[in-house]
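Below is one structure; the comments refer to it alone.
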Ligand code: IMP
Ligand code: MG
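In this note's numbering, the protein residues as written are 532 to 712.
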């Protein structure tokens with residue numbers, strides 16, 4: 532049976548499924564860090580909830596920073612151009628950096644950010660994404676940690692938006708193409 536929310540949206544991953552997977556990712560990241568410190572870099576705004584939960588599932592000394600890039604606007608597809616709206620507050624040279632993203636889609640955003648961050652010569656640069664849509668890839672880029680790999684669906688909730696709405700849905704839901712706005 533398909534789960535639907537009060538708003539009639541179809542649920543792809545429940546809050547319990549998300550919590551379980553985030554806990555596993557946190558354990559893996561903790562193991563890989565071997566006791567070293569971490570700088571978690573969240574990509575605003577979509578990764579806000581994921582970073583908040585993932586950071587509490589990681590058992591190392593961690594600090595936060597945030598970047599923001601240009602978004603999709605009101606449509607469900609990308610313009611192709613990535614623009615940095617907000618850069619890092621602190622230098623990341625010689626640090627262990629984990630970029631935390633909500634969705635790896637075409638890869639344009641993370642390919643741009645990876646290049647930008649590598650210019651600062653971090654000690655390590657890894658990527659954690661909650662969702663991955665490998666079939667949509669334009670840039671050759673993969674995440675080191677993937678929550679769930681999904682087909683080409685447009686999703687909302689748990690930080691992810693459609694025209695800035697639905698970010699506060701606790702579950703990850705499907706945005707149906709005919710959903711009334
Ligand atoms: P990329 O540059 O195409 O990889 O796009 C990455 C960004 O597009 C993600 O961080 C999301 O903000 C946004 N995005 C891609 N797919 C979806 C979706 O299904 N729902 C909501 N936002 C999405
Ligand atoms: Mg995003």
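Every residue gets a Cβ at the ideal spot worked out from N, C-alpha and C, and that includes glycine.
Using three-state DSSP, classify residue 545 as helix, strand or coil. Taking the chain shown and counting its residues from 1, the one referred to as residue 545 is at position 14. It is coil, neither helix nor strand.
So, at 6 Å on beta carbons, what are the nonlocal neighbours of residue 620 in its own chain, with the 5 sequence-adjacent residues on each side left out? Looking up residue 620 in the chain shown gives position 89. Shown here for residue 620: same chain residues with a beta carbon closer than 6 Å to its own, the five before and five after excluded, namely 596 in chain order.
Considering just the uninterrupted stretch of the alpha helix (DSSP H) at residue 584, what are its terminal residues? Position 53 of the chain shown, counted from the start, is the residue given in the question as residue 584. Its alpha helix (DSSP H) spans residues 579-587.
Residue 691 Cβ short of 7 Å to the ligand IMP heavy atom set: To locate residue 691, count along the chain shown from 1; it is residue 160. At least one heavy atom of the ligand IMP is nearer than 7 Å to the Cβ of residue 691, so yes.
Measuring alpha carbon to alpha carbon, tell me which of 638, 625, 536 ends up nearest residue 663. Taking the chain shown and counting its residues from 1, the one referred to as residue 663 is at position 132. Distance from the Cα of residue 663 is smallest, within the candidate group 638, 625, 536, for 638.
Minimum C-alpha distance to residue 686 - residue among 636, 551, 673: The sequence position of residue 686 within the chain shown is 155, counting from 1. The option with the nearest alpha carbon to residue 686 is 636.
Please classify residue 653: is it buried, with 16 or more other beta-carbons within 10 angstroms of its beta-carbon, or exposed? Here residue 653 refers to the residue found at position 122 when the chain shown is read from its first residue. Buried, by the Cβ-count rule.
Can we count residue 636 as close to the ligand NAD, meaning its CB is less than 7 Å from some heavy atom? As presented, the structure is devoid of the ligand NAD, carrying the ligand IMP and the ligand MG as its sole ligands.
Shortest alpha-carbon distance to residue 560 belongs to which of 538, 631, 688? As a working note, residue 560 is residue 29 in the chain shown. In terms of Cα proximity to residue 560, the closest of 538, 631, 688 is 631.
Tell me the rounded alpha-carbon separation between residue 557 and residue 679. Mapped onto the chain shown, residue 557 falls at position 26. Mapped onto the chain shown, residue 679 falls at position 148. About 14 Å.
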